[in-house]
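Heads up, the thing below is written out as structure tokens.
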Amino acid sequence: MSTKEALAASKVVRCSCGLEFKAPGMASEAERHLIQAVKRHAKDAHDLDFGDEQVLAMIEVVA
25 MSTKEALAAS KVVRCSCGLE FKAPGMASEA ERHLIQAVKR HAKDAHDLDF GDEQVLAMIE
85 VVA
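Under my numbering, think of the first position of the sequence shown as 25, with each following residue one higher.
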């Protein structure tokens, strides 16, 4: 992935309920917020407890 593509890329997690979480760019701060949002949704909406590594495994990078 080129630098230009990396800057335009987003990190996405799609829940089976249809909700989509997106973090713009490749910044670690955005990724941290994405992970926390997914974990909070999983607990509140589905009574599931995910660890950070589990959420990281769900992340897709889209251009």
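Where is the CB? At the ideal position from N, CA and C, for every residue including glycine.
Considering just the uninterrupted stretch of the alpha helix (DSSP H) at residue i, what are its terminal residues?
i	result
residue 61	52-70
Identify whether residue i lies in helix, strand or coil by the three-state DSSP scheme.
i	result
residue 32	helix
residue 87	coil
Can you have a look at residue i and say buried or exposed, based on whether 16 or more other CB atoms are within 10 angstroms of its CB?
i	result
residue 72	exposed
residue 47	buried
residue 37	buried
Give me the residue from the options with the minimum Cα distance to residue i.
i	options	result
residue 13	35, 41 and 81	There is simply no residue 13 to check, as the chain begins at 25 and stops at 87 in what is shown.
residue 57	87, 80, 32 and 69	80
residue 77	45, 87, 50 and 62	62
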